[in-house]
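The opening residue of the sequence shown carries number 1 in my numbering; numbering runs sequentially from there. Notes to accompany the following structure.
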Amino acid sequence: VSSFEGGLLSTLDDYATFLLAVLSGGAHPVTGVRILSAASAQQMLVDQIELLRQPGSLRSPPKGARPYSDRGLGLSCLGELQRSGAPNWGRWFDGVTGVRLWGGAASCAFKYDPNGGRPILALLMTQALPQDDGDTITTLMHGVRQALSQEARGAPTRRSKA
Numbered sequence: 001v002s003s004f005e006g007g008l009l010s011t012l013d014d015y016a017t018f019l020l021a022v023l024s025g026g027a028h029p030v031t032g033v034r035i036l037s038a039a040s041a042q043q044m045l046v047d048q049i050e051l052l053r054q055p056g057s058l059r060s061p062p063k064g065a066r067p068y069s070d071r072g073l074g075l076s077c078l079g080e081l082q083r084s085g086a087p088n089w090g091r092w093f094d095g096v097t098g099v100r101l102w103g104g105a106a107s108c109a110f111k112y113d114p115n116g117g118r119p120i121l122a123l124l125m126t127q128a129l130p131q132d133d134g135d136t137i138t139t140l141m142h143g144v145r146q147a148l149s150q151e152a153r154g155a156p157t158r159r160s161k162a
């Protein structure tokens, strides 16, 4: 879906490269060449909503600015952030602390989970309207987390033999 009213027009490879570069401090994930300064990459991850809550801040999130008026949710340049205490609404927001996500138009979304040092980045680019409700990418992330957990415990997975 193409629209010049806003949003990102890109390829899956370029979007993944950009996300991985931001998440790795600004270096290209394959070549290692710096494509963003470390400071820029770090700033893209800063929770802007939490900055509004700091002592001395002249502003605070508007009370009706859901979901960002809720304590557990934040927003950075890279997308939404689930902090400790994030709600588990079952679709976009699954309550997992540290997850970053963005759901764009035409069901183009990403979710990143630091997953205790075994990071997961999922990109969904279906180009379908109406927009997915977040259930598809959240279900995908749940399945990947479950497979990684089984693998870490040495339990057989569908790909391994018992």
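Glycine included, every Cβ here is placed at the ideal spot set by N, Cα and C.
Buried or exposed (CB count within 10 angstroms, at least 16 for buried), residue i
{"i": "ASP14", "result": "exposed"}
{"i": "LEU51", "result": "exposed"}
{"i": "ASP135", "result": "exposed"}
Separation of residue j from residue i, as counted between CA atoms
{"i": "GLY26", "j": "GLN127", "result": "28 Å"}
{"i": "VAL144", "j": "ALA39", "result": "31 Å"}
{"i": "HIS142", "j": "LEU36", "result": "31 Å"}
{"i": "LYS72", "j": "ASP133", "result": "As written in the sequence, residue 72 is Gly, which differs from the Lys given in the question. Those two C-alpha atoms are separated by around 20 Å."}
{"i": "VAL33", "j": "SER24", "result": "12 Å"}
{"i": "TRP89", "j": "GLY95", "result": "7 Å"}
DSSP-derived helix/strand/coil call for residue i
{"i": "GLN146", "result": "helix"}
{"i": "GLY26", "result": "coil"}
{"i": "GLY103", "result": "strand"}
{"i": "VAL1", "result": "Note that VAL1 scores a pLDDT of 47, beneath 50, so its modelled location is shaky and nothing firm can be said."}
{"i": "GLY72", "result": "coil"}
{"i": "GLY117", "result": "helix"}
Among the options, the one whose alpha carbon lies nearest that of residue i
{"i": "LEU123", "options": "ASN115, GLY117, ARG100 and SER84", "result": "ARG100"}
{"i": "VAL22", "options": "ALA16, LEU12 and ALA41", "result": "ALA41"}
{"i": "ALA105", "options": "LEU45, MET125, LEU20 and PHE93", "result": "MET125"}
CB-CB length for residue i against residue j, believed under 8 Å
{"i": "GLY103", "j": "GLN131", "result": "7 Å"}
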